Amino acid sequence: MNSWSSAFLWLADPVNWAGPGGIPTRVGEHLLYTLVTLLIGVIIAVPAGLAIGHTGRGRGIAVQASGVLRALPTLGLLLLLALWLGIGFTPPLIVMVALALPPLLAGAYAGMDAVDRQTIDAARSIGMTGWQVLFQVELPLALPLVIGGIRSGCLQVIATWTVAAYLPLGGLGRYIYDGLAVQNYAEMLGASVLVIVLALLADGLFALVQRLVVPRGVLAGRSRDVRTRTPRRSASSTPSTTAG
Amino acid sequence: MSWLLGNADQIVQITLVHAWYSALPIVIGFVIAIPIGWLANRYRVGRGTILAVVGLLYAVPSLPLFVALPSLLGTRILDPANVIVALTIYAIAIMVRTASDAFASVEIDVLLSATAVGFSTWRRFWSVELPLAGPVLLSGIRVVSVSTISLLSVGSVIGVTSLGYFFLDGFQRAFALEIIVGIVGTIVIAVIFDLLLSLAGRLLMPWNARPPSRRAVRRAEARTLVEAA
């Protein structure tokens, strides 16, 4: 039988929708794990990223740390921590939060970095304090990129909680490993479809939020040219602002 | 320690396989992404669509993609091709966006000058656009390299040989050293690949020994981090 039709039969089978191992429960677990991870990650990384972006200090360290964290293979860390700390929710949660930090941090400081220096100077010159500049000028302007960081962190966390079900955990990855153990490809494929749909929905949701949080003033003043190129000297009457 | 010595052959062999299986997606992904990125930068109409499609590709989680590919490609589930194709897809997804940014970073005046002195589009691409886009392309492929090497180990759960084997085997035997060997091996490959890439960058772009705009490269790096972590 065609593997896709058997996967959809598996998805449509009412037996798989009931009880503690049913699809709604597993989707709920997966979402819960992801939300908890993101919440902790955001609480740690976003203030740190904003501080780095606002003060301009510690960026080198943040980039380095992000690079190192990204080079570490997640599966290895997961299993090593599970071996040392025991089976349970905490060891994988620690790894997941660590995994979510680089994109969250990068989003926060890239957002702050993208705020035009002249805008900040203007805010200061009309008498705003440091905190006011941060919360009323920099943060609103940086928000789309901050959300962008959370978006890619979220995708990564959804993907990796699936892999983490190698440990005795819930979530949609459970079906993939259970199916693998008994060579039930329909179950593996059906569950894979569910994870992919979940990830795409999350991605779409964040894309929407990213659009909604762009300040109205920015939208009004945005030029149609989306390319990141400095305007040609001859064509522009404003003094050219060269980067750096 | 005795485990290390007794299994040195196997460790070296699996490390080499891991390096080979990750080199393929990095190279193939780079080669495929360059023309797509160029098109995305050249034609505004296509840009939004192309970037949206690669964005969606990147949003697909790895393990489910490994599982779904056999039924799309007609391969067996244990075939390494599944994982290599999946990683190539991710490499393309990261590189297309970076390549499009890289080509956009080339000054329009320089391109117009090249055309003015008689360069054809083809020759202008090879001798002007590509070299000038080089530094940003390099920062992109370095990100691709690290993430490919680290993701490949996930393939071991569906039975594809990689350093991930040591994670699973070490966990099942409750033997931490074996897992650590796998992690260290992954990092070693990532560091060697990164050195090779920056060496290639030095050789191919000797004028770039002192980067002209560190800020531009740093921004591109930060963006790649945000969009493709």
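Chains A and B, in that order, are what the protein sequence lines are.
Using my numbering, you'd call the opening residue of the first sequence number 1 and step up by one each time.
Using my numbering, you'd call the opening residue of the second sequence number 1001 and step up by one each time.
Built from N, CA and C at the ideal position, the CB exists for glycine as well.
All values derive from a computational prediction rather than experimental measurement.
Residue i vs residue j beta-carbon contact at 8 Å
i: Ala1093/B; j: Leu1137/B; result: no
i: Leu198/A; j: Ala7/A; result: no
i: Ile1141/B; j: Thr1015/B; result: no
i: Thr1115/B; j: Arg1124/B; result: yes
i: Gly49/A; j: Leu105/A; result: yes
i: Ala1099/B; j: Ala1174/B; result: no
i: Ala202/A; j: Ile158/A; result: yes
i: Phe1103/B; j: Ala1133/B; result: yes
i: Pro215/A; j: Pro140/A; result: yes
i: His1018/B; j: Gly1185/B; result: yes
i: Glu138/A; j: Val115/A; result: yes
i: Val1144/B; j: Ala1059/B; result: no
i: Ser1150/B; j: Leu72/A; result: yes
i: Ile1011/B; j: Leu83/A; result: no
i: Gly53/A; j: Gly111/A; result: yes
i: Ile1026/B; j: Ile1036/B; result: no
i: Arg70/A; j: Pro92/A; result: no
i: Leu85/A; j: Val95/A; result: no
i: Tyr185/A; j: Arg26/A; result: no
i: Ala1052/B; j: Gly1046/B; result: no
i: Ala62/A; j: Tyr109/A; result: yes
Cβ neighbour criterion (16 or more within 10 Å) applied to residue i
i: Leu1196/B; result: exposed
i: Ile150/A; result: buried
i: Ile90/A; result: The question names Ile, yet the displayed sequence has Thr at residue 90/A. Exposed: under 16 other Cβ atoms inside 10 Å.
i: Val1031/B; result: exposed
i: Gly60/A; result: exposed
i: Leu143/A; result: buried
i: Thr1121/B; result: exposed
i: Pro1206/B; result: exposed
i: Tyr1043/B; result: exposed
i: Trp131/A; result: exposed
i: Leu1004/B; result: exposed
i: Asn2/A; result: exposed
i: Gly153/A; result: buried
i: Phe135/A; result: exposed
Contacting residues, own chain, Cβ-Cβ under 8 Å from residue i (five flanking each side not counted)
i: Tyr166/A; result: Leu75, Leu78, Leu79, Gly173, Tyr177
i: Ile1077/B; result: Val1067, Pro1070, Ile1158, Gly1159
i: Leu11/A; result: Ile23, Gly190, Val193, Leu194
i: Arg232/A; result: Because the pLDDT at Arg232/A is just 43, under 50, the model does not fix this residue reliably, and the point stays unresolved.
i: Pro1080/B; result: Tyr1021, Gly1155, Val1160, Thr1161
i: Gly1182/B; result: Ser1153, Leu1163, Gly1164, Tyr1165, Phe1166, Phe1167, Gly1170
i: Ile120/A; result: Val133, Val137, Glu138
Check: residue i C-beta below 7 Å from any heavy atom of the ligand ADP
i: Ala108/A; result: Ligands displayed in this structure: none; no statement on the ligand ADP is therefore possible.
Cβ shell of residue i (< 6 Å), same chain only, five flanking positions each side left out
i: Leu1065/B; result: Ala1086
i: Ala1147/B; result: Here residue 1147/B is Ser; the residue named in the question, Ala, does not match the sequence. Same-chain partners within the cutoff: there are none.
i: Ala1229/B; result: Bear in mind that a pLDDT of 39 at Ala1229/B, under 50, signals an unreliable position, so the number given afterwards is only what the model happens to contain. Taken in chain order, the list of residues that qualify is empty.
i: Ser1062/B; result: Leu1151, Val1154
Close beta carbons around residue i, own chain, < 7 Å, minus the five adjacent residues each side
i: Gly1055/B; result: none
i: Gly1029/B; result: Thr1088, Ala1091, Ile1092, Met1095, Val1144
i: Tyr33/A; result: Trp161, Gly171
i: Phe941/B; result: With chain B covering 1001 to 1229 only, the question about residue 941/B has no answer from this structure.
Neighbour flag for residue i against chain C, beta carbons, 8 Å
i: Met112/A; result: In the displayed structure, chain C is absent; the protein chains listed are A and B.
I'd like the ranges of any beta strand (DSSP E) spanning at least 3 consecutive residues and lying wholly in the stretch 1077-1154 of chain B.
Taking only runs of at least 3 residues, no beta strand (DSSP E) segment lies wholly in the stretch 1077-1154 of chain B.
With 8 Å as the limit, tell me which residues of the stretch 174-186 of chain A have their beta carbon closer than that to any beta carbon of chain B; keep them in chain order.
Listed by position, the residues of the stretch 174-186 of chain A near chain B (Cβ gap below 8 Å) are Ile176, Tyr177, Leu180, Tyr185.
Which parts of the stretch 136-178 of chain A are runs of the alpha helix (DSSP H), unbroken and 4 residues or longer, counting only runs that do not cross its ends?
Fully enclosed alpha helix (DSSP H) runs of 4 or longer: 139-164.
Please name the residues in the stretch 155-170 of chain A whose beta-carbon is closer than 7 Å to at least one beta-carbon of chain B, in chain order.
Of all residues in the stretch 155-170 of chain A, the ones placed with a Cβ closer than 7 Å to any Cβ belonging to chain B are Leu155, Gln156, Ile158, Ala159, Thr162, Val163, Tyr166, in chain order.
Entirely within the stretch 1021-1074 of chain B and at least 4 residues each: give me those alpha helix (DSSP H) ranges in chain order.
The qualifying runs are 1044-1059, 1062-1073.
Under 9 Å (Cβ pairs) to chain B, residues found in the stretch 67-85 of chain A
Those would be Gly67, Val68, Arg70, Ala71, Leu72, Pro73, Thr74, Leu75, Gly76, Leu77, Leu78, Leu79, Leu80, Ala82, Leu83, Trp84, in chain order.
What residues from the stretch 1046-1062 of chain B come within 8 Å of chain A, judged by C-beta to C-beta, listed N to C?
For the stretch 1046-1062 of chain B, which is checked against every Cβ of chain A, the residues closer than 8 Å are Arg1047, Gly1055, Leu1056, Tyr1058, Ala1059, Val1060, Pro1061, Ser1062.
Pick out the complete alpha helix (DSSP H) segments inside the stretch 52-109 of chain A, 4 residues or longer, and give them in chain order.
As summarised for the stretch 52-109 of chain A, the continuous alpha helix (DSSP H) elements at least 4 residues long and confined to that stretch are 59-71, 74-85, given in chain order.
Where the stretch 25-54 of chain A meets chain B: residues whose CB sits under 9 Å from a CB there:
The stretch 25-54 of chain A vs chain B, Cβ under 9 Å: nothing.
Scan the stretch 194-208 of chain A for residues whose Cβ lies nearer than 7 Å to a Cβ of chain B and list them as they occur along the chain.
Here the close residues are Val195, Ile196, Ala199, Leu200, Asp203.
May I ask you to list, following chain order, the residues of the stretch 1176-1187 of chain B that have a beta carbon less than 8 Å from some beta carbon of chain A?
Sequence-ordered contacts of the stretch 1176-1187 of chain B with chain A read Ala1176, Ile1179, Ile1180, Gly1182, Ile1183, Thr1186, Ile1187 [C-beta pairs closer than 8 Å].
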